[in-house]
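Q: Converting from the sequence shown to the working numbering requires adding 429 to each position, the first position being numbered 1. Cβ atoms here follow ideal geometry from the backbone N, Cα and C, with glycine treated the same way. The structure that follows is given in the form of structure tokens.
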Amino acid sequence: MPPQFANYINGEWVATSRTFEDRNPANTDEIVGVFAKGSAADIDAAAKAAEAALPGWSSMPAPARGNILYKAAEILEKKFDQLGAEMTREEGKTLPEAKGEVRRAINIFRYFGGEGSRLDGVMVPSERERVHVFAIRKPIGVVGLITPWNFPIAIPAWKMAPALICGNTIVVKPASASPLCAWRLVEALHEAGIPKGVVNFVAGSGGELGEALVKAGPLKAISFTGSNDVGHWLHAEASKRRLRIQLEMGGKNPTIVLADADLKSAVENVVNAAFFSTGQKCTATSRAIVEEGIYDRFLEALVERTKKLKVGDGMTPGTDIGPAVDKGALETILKYIETGTKECGAPVCGGRHLTGGAYDKGYFVEPTVFADVKPEHTIAREEIFGPVLAVMRAKDFDDAMRIANDIPFGLSSSIQTTNLSRALDYVYRAEAGLLTINLPSAGVEYQLPFGGTKDSSFGPKEQGPTALDFYSDFKTVYLKY
Ligand code: NAP
């Protein structure tokens with residue numbers, strides 16, 4: 430009998446008559462858990478519980494709220510190995526990647542726990558005599574948090590922790606493909622003694638629950654990470670009610686490789702960013718834009734390195750790349766490989782759906798490289814969200830910048846160069862919110878602003894100090910004394 434996981438509403442674990450299965454994408458025979466499938470009525474109850482809990486939580490001193498986050502971090506720390514293994518089993522990424530993400534979630538709870546003692550406002554001198562002016566932060570109220578499956582513990586953590594430390598109460602809707610990791614965060618907060626109603630968790634179908642959430646009376650804001658289609662729909666709905674909204678969505682991230690780059694490190698960085706986590710990172714590199722002078726050598730070394738990657742169950746030591754998250758994701762990746770083959774010729778490596786033996790139980794695909802892809806080709810323009818890399822030729826630095834920026838997305842971007850002047854020029858010209866130089870385009874840290882530009886994002890940046898700006902508002906005070 431697989432473990433059962435209830436929803437969490439008003440401090441109680443609430444079972445439902447409907448359920449859904451959370452299966453291991455590396456071995457679909459394995460059911461990781463059976464989850465309560467929430468309804469619009471559950472979202473309603475959760476939003477009302479959050480509203481009722483708001484006065485108590487928002488008036489608790491912020492350092493005391495921080496202590497609850499610290500305590501939850503300690504609880505998560507004790508389950509570190511278990512959480513890593515659960516993530517690999519429900520999402521598919523390799524165990525070292527999963528553990529790295531659990532570490533990040535724990536750090537995020539600690540970081541925002543500390544913000545409880547720092548929640549700053551504004552204090553400046555007044556223009557007038559004997560007038561004292563200052564602005565204090567206040568929470569915005571009940572916040573809905575909708576999260577994707579690809580970073581199943583870090584993303585819920587980086588929304589929940591700043592929302593809570595600012596004094597808001599929350600309703601969390603996790604992705605159906607990987608709800609267990611977010612459930613564990615809620616469990617840790619429950620065990621840490623968070624007052625009832627402050628945190629609510631409702632799993633189930635995104636369409637049904639998303640609509641209920643955006644229409645829930647007590648809701649004041651929504652933070653969403655996921656696809657552009659859903660994000661744009663939510664934005665339109667939220668605008669009708671003037672809800673505050675923050676959207677983090679898709680990307681089509683470039684890595685520019687200039688002729689002066691360190692070839693070995695450029696290849697490693699591109700392989701890491703394009704293929705690790707099965708390319709299922711919003712910050713993954715899906716376009717390598719390579720300057721003419723190094724193109725042939727880069728492509729040859731890239732193909733050689735890519736062919737060495739081991740695809741398999743993320744629990745098996747030595748695996749580099751796990752499965753796609755589910756059947757739909759696998760089919761989308763294979764469809765793009767087919768389109769790429771039609772438009773640009775056969776891939777120079779990979780391209781196959783892996784079958785036979787243990788592969789038959791999961792959703793495995795080879796890391797795939799297409800060469801000489803043109804900016805107008807579909808695989809150079811649309812987000813694939815899988816281990817598929819388009820390698821593109823650029824005449825020079827300016828041409829590479831033009832190709833890199835010529836897309837509607839603007840999440841992450843990278844350059845590989847030993848020329849400091851070019852690197853700085855790139856920083857000013859790249860149309861993306863997250864830039865890396867001589868590093869993979871993916872792999873960000875929690876203590877800095879996170880988010881994109883253009884069609885990738887909307888609203889204040891997540892993580893780091895800027896996270897507080899979305900989850901709080903200012904009250905400005907003028908005092909004559
Ligand atoms: P998704 O299909 O948009 O789902 C994201 C979340 O929205 C899930 O919880 C989903 O629930 C829910 N949802 C689905 N339909 C909804 C609706 N009509 N109203 C409200 N919520 C709804 O995206 P995904 O496939 O999970 O994630 C992949 C996408 O996320 C990619 O585009 C990736 O680039 C993006 N992403 C962006 C970032 C970033 O920071 N920019 C980070 C990670 C991922 P169900 O799971 O139940 O469908």
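1. Comparing C-alpha positions only, which one of Ser842, Lys756, Ala852 sits nearest to threonine 457?
2. Where in the stretch 481-550 do unbroken runs of the alpha helix (DSSP H), each at least 4 residues long, occur, reported from the N-terminal end onward?
3. Inspect the beta-carbon positions of alanine 564 and glycine 550 and report whether they are closer than 7 Å.
4. Which one of His661, Tyr855, Lys508 has the shortest CA to CA distance from aspartate 884?
5. Just to confirm before moving on: does the CB-CB distance between tyrosine 900 and alanine 592 stay below 7 Å?
6. Less than 7 Å between the C-beta atoms of leucine 574 and phenylalanine 541, yes or no?
7. Helix, strand or coil for isoleucine 623? Go by DSSP, reduced to three states.
8. Does the Cβ of threonine 784 have 16 or more other Cβ atoms within 10 Å, making it buried, or fewer, making it exposed?
9. What ranges does the beta strand (DSSP E) occupy inside the stretch 644-669, keeping only unbroken runs of at least 3 residues that lie completely in it?
10. Expressed to the nearest angstrom, what Euclidean distance is found between the alpha-carbon atoms of glutamate 441 and glycine 751?
11. From the DSSP output, read off the bridge partner residues of methionine 552.
12. Go to aspartate 854, then tell me how far its alpha helix (DSSP H) extends in each direction, as first and last residue.
13. Got a sec: does the ligand NAP put a non-hydrogen atom nearer than 6 Å to the Cβ of valine 873?
14. Here's a check: name, in chain order, each residue in its chain whose Cβ is nearer than 6 Å to the Cβ of alanine 545, leaving out the five neighbours to either side.
15. Just checking valine 659 against the ligand NAP - is the residue's beta carbon closer than 6 Å to any of the ligand's heavy atoms?
16. Using C-beta distances below 6 Å, list every residue in its chain close to alanine 606, excluding the 5 sequence neighbours before and after it, in chain order.
17. Just how far apart, CA to CA, sit threonine 797 and cysteine 778?
18. By the 10 Å Cβ neighbour count, where 16 or more other Cβ atoms means buried, how is phenylalanine 509 classified, buried or exposed?
19. Sort out for me which residues DSSP pairs lysine 909 with in a bridge.
20. Based on DSSP bridge pairs, tell me the residues matched to leucine 446.
21. With respect to 6 Å, is the separation between the Cβ of serine 605 and the closest non-hydrogen atom of the ligand NAP below this value?
22. Tell me whether asparagine 439 sits in a helix, a strand or coil according to DSSP, three-state version.
23. Within the present structure, is the beta-carbon of glycine 639 separated from the nearest heavy atom of the ligand NAP by less than 6 Å?
24. Any chance the CB of threonine 714 is under 6 Å from a heavy atom of the ligand NAP?
25. Are isoleucine 685 and isoleucine 723 closer than 7 Å when you measure CB to CB?
26. Could you tell me the distance, in whole angstroms, from the CA atom of arginine 533 to the CA atom of valine 562?
27. Determine which residues share a DSSP beta bridge with asparagine 453 and list them.
28. In terms of residue numbering, what span does the beta strand (DSSP E) encompassing glutamate 720 cover?
29. Report yes if the C-beta distance between isoleucine 866 and glycine 815 is below 7 Å; otherwise report no.
30. Is DSSP giving aspartate 471 helix, strand or coil here?
31. Can you find a heavy atom of the ligand NAP that lies under 6 Å from the Cβ of serine 870?
32. Assign aspartate 789 to buried or exposed, taking buried as 16 or more other Cβ atoms, counted over all protein chains shown, within 10 Å of its Cβ.
33. Taking the alpha carbon of glutamate 506 as the point to measure from, which residue in Asp835, Leu618, Leu908 has its own alpha carbon closest?
34. Which partner residues does methionine 821 have in the DSSP bridge list?
35. Label threonine 847 either buried or exposed according to how many other C-beta atoms from any shown protein chain fall within 10 Å of its C-beta, with 16 as the threshold for buried.
A: With the structure as the only source:
1. Here residue 457 is taken as the residue at index 28 of the sequence shown, counted from 1. Nearest to threonine 457 by C-alpha distance, out of Ser842, Lys756, Ala852, is Lys756.
2. List check, alpha helix (DSSP H) in window: 491-507, 509-520, 524-544.
3. Residue 564 sits at position 135 when you count from the first residue of the sequence shown. Residue 550 sits at position 121 when you count from the first residue of the sequence shown. Yes.
4. By one-based count along the sequence shown, residue 884 stands at place 455. Per the Cα distances, His661.
5. Sequence index remark: in the sequence shown, residue 900 carries index 471 (1-based). Sequence index remark: in the sequence shown, residue 592 carries index 163 (1-based). In terms of Cβ geometry, tyrosine 900 and alanine 592 form a close pair [threshold 7 Å].
6. Position 145 of the sequence shown, counted from the start, is the residue given in the question as residue 574. Position 112 of the sequence shown, counted from the start, is the residue given in the question as residue 541. No, the pair does not count as a contact, with Cβ atoms beyond the cut-off.
7. Numbered from its first residue, the sequence shown carries residue 623 at position 194. When DSSP states are grouped into helix, strand and coil, isoleucine 623 belongs to the coil group.
8. Counting from one through the sequence shown, the residue named residue 784 turns up at place 355. Exposed.
9. Complete beta strand (DSSP E) runs here, min 3: 648-654.
10. Here residue 441 is taken as the residue at index 12 of the sequence shown, counted from 1. Here residue 751 is taken as the residue at index 322 of the sequence shown, counted from 1. Whole-angstrom Cα-Cα distance: 35 Å.
11. Counted from its first residue, the sequence shown places residue 552 at position 123. The beta-bridge partner set that DSSP reports for methionine 552 consists of Phe563.
12. Walking along the sequence shown from the start, residue 854 turns up at place 425. Its alpha helix (DSSP H) spans residues 849-858.
13. Sequence index remark: in the sequence shown, residue 873 carries index 444 (1-based). Valine 873 has its Cβ no nearer than 6 Å to any heavy atom of the ligand NAP.
14. Working through the sequence shown from its first residue, we reach residue 545 at position 116. Position check: residue 545 holds glycine in this sequence, whereas alanine was assumed. The residues are Ala491, Pro492, Arg494, Gly495, Ile594.
15. For the purposes of this step, residue 659 is taken as residue 230 along the sequence shown, with counting starting at 1. Correct: valine 659 has its Cβ closer than 6 Å to the ligand NAP.
16. Along the sequence shown, one-based indexing puts residue 606 at 177. Trp578, Val754, Asp755, listed in sequence order.
17. Reading the sequence shown from its first residue, position 368 is the one you call residue 797. Reading the sequence shown from its first residue, position 349 is the one you call residue 778. Their backbone Cα atoms lie some 6 Å apart in a straight line.
18. As a working note, residue 509 is residue 80 in the sequence shown. Burial call: exposed.
19. Here residue 909 refers to the residue found at position 480 when the sequence shown is read from its first residue. Answer is Val560.
20. By 1-based counting over the sequence shown, the position of residue 446 is 17. Strictly speaking, residue 446 in this sequence is serine, with leucine absent from that position. In the DSSP output, where bridge partners are listed per residue, serine 446 has none listed.
21. Translated into positions along the sequence shown, residue 605 becomes position 176. It does: the Cβ of serine 605 is within 6 Å (strictly closer) of some heavy atom of the ligand NAP.
22. Stepping through the sequence shown from its first residue, residue 439 is reached at position 10. In this structure, asparagine 439 counts as coil in the three-state DSSP scheme.
23. The sequence position of residue 639 within the sequence shown is 210, counting from 1. The answer is yes for glycine 639.
24. Here residue 714 corresponds to residue number 285 of the sequence shown, with the count starting at 1. No, the beta carbon of threonine 714 sits no closer than 6 Å to any heavy atom of the ligand NAP.
25. In the sequence shown, the residue the question calls residue 685 occupies position 256. In the sequence shown, the residue the question calls residue 723 occupies position 294. Taking C-beta atoms as the reference points, isoleucine 685 and isoleucine 723 fail to come closer than 7 Å.
26. Here residue 533 is taken as the residue at index 104 of the sequence shown, counted from 1. Here residue 562 is taken as the residue at index 133 of the sequence shown, counted from 1. Arginine 533 and valine 562: Cα-Cα distance of roughly 38 Å.
27. For the purposes of this step, residue 453 is taken as residue 24 along the sequence shown, with counting starting at 1. Paired residues: Asn456.
28. Here the question's residue 720 lines up with position 291 in the sequence shown. Looking at the DSSP string, the run of the beta strand (DSSP E) that includes glutamate 720 is 714-720.
29. Start at 1 with the first residue of the sequence shown, and residue 866 comes out as number 437. Start at 1 with the first residue of the sequence shown, and residue 815 comes out as number 386. It is not a contact, given that the beta carbons lie outside the stated cut-off.
30. If you number the sequence shown from 1, residue 471 lands on position 42. Aspartate 471 falls in the helix class under three-state DSSP.
31. The sequence position of residue 870 within the sequence shown is 441, counting from 1. Not one heavy atom of the ligand NAP sits closer than 6 Å to the Cβ of serine 870.
32. On the sequence shown, residue 789 is found 360 positions in, with the first residue counted as 1. Counting C-beta atoms within 10 angstroms of its own C-beta, aspartate 789 has fewer than 16 neighbours from the protein chains shown and is therefore classed as exposed.
33. Taking the first residue of the sequence shown as 1, we reach residue 506 at position 77. If you compare the alpha carbons of Asp835, Leu618, Leu908 with that of glutamate 506, the shortest gap goes to Leu618.
34. Here the question's residue 821 lines up with position 392 in the sequence shown. Methionine 821 pairs with Ile718.
35. Taking the sequence shown and counting its residues from 1, one reaches residue 847 at position 418. Exposed, by the Cβ-count rule.
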